[in-house]
Each structure stands twice: as structure tokens, then as C-alpha cells.
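Read the structure below first, then the notes.
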Amino acid sequence: KEGFRFGKLALALLTEFKSDAWLPRVHSMVYGSIHIWQEPLRTSIEPLMQGYRVGLSTGDHEFAMLNAIMACAICAFAEMPLPKVVRTLRSHLWEMNTRGMRSTISFWKVFLQTLLNVMGESKDPLILTGEVMDQDSFLKQAGTNALMSHYYFHSQRLWIAFLLGEYELAEEMAKICLPLQDEPEFQGFLITFQSGMVALSLLISGKRGSRRKRMAFARIQYKRVKKIASQSEVNCLPFLYLMKAEFAVLRKKQEVATRNYAVASSLCETQGLIATRAIVNERVGRYLMTVGDEKKGMDHIRCAYGLFTEWGGRAKVVQ
60 KEGFRFGKLA LALLTEFKSD AWLPRVHSMV YGSIHIWQEP LRTSIEPLMQ GYRVGLSTGD
120 HEFAMLNAIM ACAICAFAEM PLPKVVRTLR SHLWEMNTRG MRSTISFWKV FLQTLLNVMG
180 ESKDPLILTG EVMDQDSFLK QAGTNALMSH YYFHSQRLWI AFLLGEYELA EEMAKICLPL
240 QDEPEFQGFL ITFQSGMVAL SLLISGKRGS RRKRMAFARI QYKRVKKIAS QSEVNCLPFL
300 YLMKAEFAVL RKKQEVATRN YAVASSLCET QGLIATRAIV NERVGRYLMT VGDEKKGMDH
360 IRCAYGLFTE WGGRAKVVQ
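This note's numbering applies: residue 60 is where the sequence shown begins, and numbers increase by one.
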């Protein structure tokens, strides 16, 4: 919250001094890394695009493109329809390439390929090989010293594996990319949430492995999510309530589980989080079917199917 106050001060100084030269740099920091913790994700998109436009007009192409790419990332985090996000991201990556900004393109190609995989536009959605990159080549070129590239790459595979219910693979990816959860970007929070959910999913399904270690890890991640959500309710509460529901499932408390699933779904609907709302419906649907309520369970599964379709996650839909 203190960072948010300083961010507002930076914006006020921009307005007072009418400094277009500094606007792209200030907007990239304030709306890309600070504003997202106190205001709805989608409210950062237009200011970042303003930073992009002003940067192009003043010749600050580096920060213009940073604003544009950050806007694409937040569109994805806000779970806007994937085809639109991919079209915009593809356009900006082409622009970066034509401007000779090749040093960071490989990083964002991982992001683009991840979205394409989720859209079903690759042979195997769990392997980041397709139209814009080759998984093996990327890891070879990144080298053993490029830790951030490796962490980011595996964080994207964590997301896909979690989304598709490949929890053992997701657990492997989480172990590698966990250092990224301490980064101030929203991606760090999502890694905390996803890795905790993976541990809970493996506990609920009874998969091989140490239940004691997984439970301890799930509790640690839950506490981290709860702490972040207490300071950033607007964007983080849906994820907290989904984890609460999963803990209730694990403890066989059906009423508590269904109540928390309902709260999570309602919060997702309010914030336009299509994919997370679909995940909530899928999980509550499968849970209700396991406890004998086939009709309500199938209603939730059909709802999840419709939401994943609306989002554009064809790789999930075909499951």
C-alpha cells in the first residue's frame, strides 16, 4: 500500500510537470507492477497503452514496447479472450523485432507459445514447441546461467500442466520455478497459488508421494496467498476462496467446500476472470459427482465447458 501511494505521487508529478518524456517509464512501473495490487487488473491496460503511444511519439521505443508487452501480459492475467490477446502480442513482438529489440523477444516468445498451446495450436499442449519456438532449442540457447529464463519457462509449463490437470508434471515444474514467486509481478502470486493448488490436488486424488510434505507445502502456500490477498483483495480473493474450498474437500467438509466454491465463482464473475471461474466450476462439478450429486455436478461441468470455450482455451475444451 505504501508503494501504491508513491505510485500515485509519481503520477501526480507527471501531471504537474506535463513530462511526456518520462510518462512511458513511470507508467510501466506504476501500472505494470504497483497499480495491479490495489485496483482491478483491467484498469492498468489503457494507461500502459498510453505509455506505448507516448513512447513511440517521443522516441522512447524501448519503454514504449515494454508498456505494450506489459499490457498484453495483464490482458492474459485478467483472462480476456485468448485469440485477441494472441493477436495483439504477436503484433507487438513483430514490432519489437523490426526495431531490433531482439534481446528480450525470446522471453516473450515463451509467453506467446504458452497461449498458443492453451488455444490448442500445438501438437502437445504440455510441450512448448510450436509456431514461435522450440522447447529444446530455447533451453539450450538459454544456457545454465540464464536462471530467470529457466524459471519463467518452467512457470509457463506449471500453468499449462495445472490447467490441464497434469498435477505430477506441474509439481515438477513448481519445484524449479518457485523462486519466481518472490517477484513483485502478478506472475509471482500466480505461481504461489498454482503450486499450492497442485499440492492440494495431489493430496485429494491420493497420488503417490509424501502426504506430509505436500500438506506442509500446501499450508505454506495458502498462508502466502492469504497474506497477499489481505493487502490486495480486489485481484486475489477469488484464488484464496478456491484454496479454502480445496482444503475443505480434503477435510471432507462438504458444506464448507461448496460455500467457498460459490464465493470464488461469484468473485470471478464480478472481476471477469473467465478461466478461473471455469476452473472453479470444473472442480466443484467433479467434487459433487464424487459425493453422489451427479446432476449438480454435471451442471457445473457444462458451465466450465462453456466458459473455457468463451475464453478460447481449446486445449482444455477437448479434454
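We put the CB at the ideal spot given by N, CA and C, even for glycine.
Between the C-alpha atoms of residue i and residue j, what's the straight-line distance to the nearest angstrom?
{"i": "E314", "j": "T335", "result": "21 Å"}
{"i": "M274", "j": "L259", "result": "7 Å"}
{"i": "L223", "j": "W81", "result": "42 Å"}
{"i": "G91", "j": "L100", "result": "10 Å"}
{"i": "G365", "j": "E75", "result": "48 Å"}
{"i": "V113", "j": "S181", "result": "36 Å"}
{"i": "V343", "j": "N294", "result": "21 Å"}
{"i": "V257", "j": "N156", "result": "36 Å"}
{"i": "G62", "j": "I235", "result": "29 Å"}
{"i": "I338", "j": "H359", "result": "10 Å"}
{"i": "A374", "j": "T147", "result": "20 Å"}
{"i": "Y226", "j": "G247", "result": "19 Å"}
{"i": "M160", "j": "P184", "result": "28 Å"}
{"i": "A229", "j": "A201", "result": "21 Å"}
{"i": "G356", "j": "T349", "result": "9 Å"}
{"i": "N126", "j": "P83", "result": "7 Å"}
{"i": "R267", "j": "R283", "result": "25 Å"}
{"i": "H209", "j": "A233", "result": "12 Å"}
{"i": "G371", "j": "T102", "result": "22 Å"}
{"i": "M124", "j": "C131", "result": "11 Å"}
{"i": "E190", "j": "K311", "result": "44 Å"}
{"i": "H120", "j": "I164", "result": "14 Å"}
{"i": "L198", "j": "L217", "result": "16 Å"}
With burial defined as no fewer than 16 other Cβ atoms inside 10 Å of the residue's Cβ, what is the status of residue i: buried or exposed?
{"i": "L72", "result": "exposed"}
{"i": "T317", "result": "buried"}
{"i": "S87", "result": "buried"}
{"i": "W96", "result": "buried"}
{"i": "E341", "result": "buried"}
{"i": "L332", "result": "buried"}
{"i": "Q290", "result": "exposed"}
{"i": "W153", "result": "exposed"}
{"i": "E353", "result": "exposed"}
{"i": "E369", "result": "exposed"}
{"i": "V169", "result": "buried"}
{"i": "S324", "result": "buried"}
{"i": "Q378", "result": "exposed"}
{"i": "E305", "result": "buried"}
{"i": "M207", "result": "exposed"}
{"i": "L68", "result": "exposed"}
Looking only at C-alpha atoms, which of the options sits nearest to residue i?
{"i": "L107", "options": "K355, F76, S196, L70", "result": "L70"}
{"i": "A321", "options": "V145, Y300, K234", "result": "Y300"}
{"i": "T251", "options": "L261, G268, Y281, I235", "result": "Y281"}
{"i": "R158", "options": "V169, I186, G118", "result": "G118"}
{"i": "F65", "options": "A277, V89, I133, R278", "result": "V89"}
{"i": "Y111", "options": "T102, M129, E98", "result": "M129"}
{"i": "I263", "options": "I279, A307, I235, E231", "result": "A307"}
{"i": "R278", "options": "N319, F212, P184, M302", "result": "M302"}
{"i": "I219", "options": "Q200, S254, K199", "result": "S254"}
{"i": "A137", "options": "V284, L326, M160", "result": "L326"}
{"i": "F122", "options": "S150, V85, I93", "result": "V85"}
{"i": "I186", "options": "S269, R361, Q215", "result": "Q215"}
{"i": "E98", "options": "Q330, Y210, G189", "result": "Q330"}
{"i": "Y408", "options": "G179, W167, M178", "result": "The question about residue 408 has no answer here: the residues shown for the chain are numbered 60 through 378."}
{"i": "L249", "options": "R345, F298, V145", "result": "F298"}
{"i": "S78", "options": "E244, I104, S116, K285", "result": "S116"}
{"i": "L261", "options": "P243, A288, E231, F245", "result": "E231"}
{"i": "Y346", "options": "E105, C134, N319", "result": "N319"}
Exercise. Is the stretch 162-176 touching the stretch 131-145, taking contact as three or more C-beta pairs under 8 Å?
Worked result: yes
Exercise. Are the stretch 185-201 and the stretch 230-247 in contact at 8 Å, needing three or more beta carbon pairs?
Worked result: no
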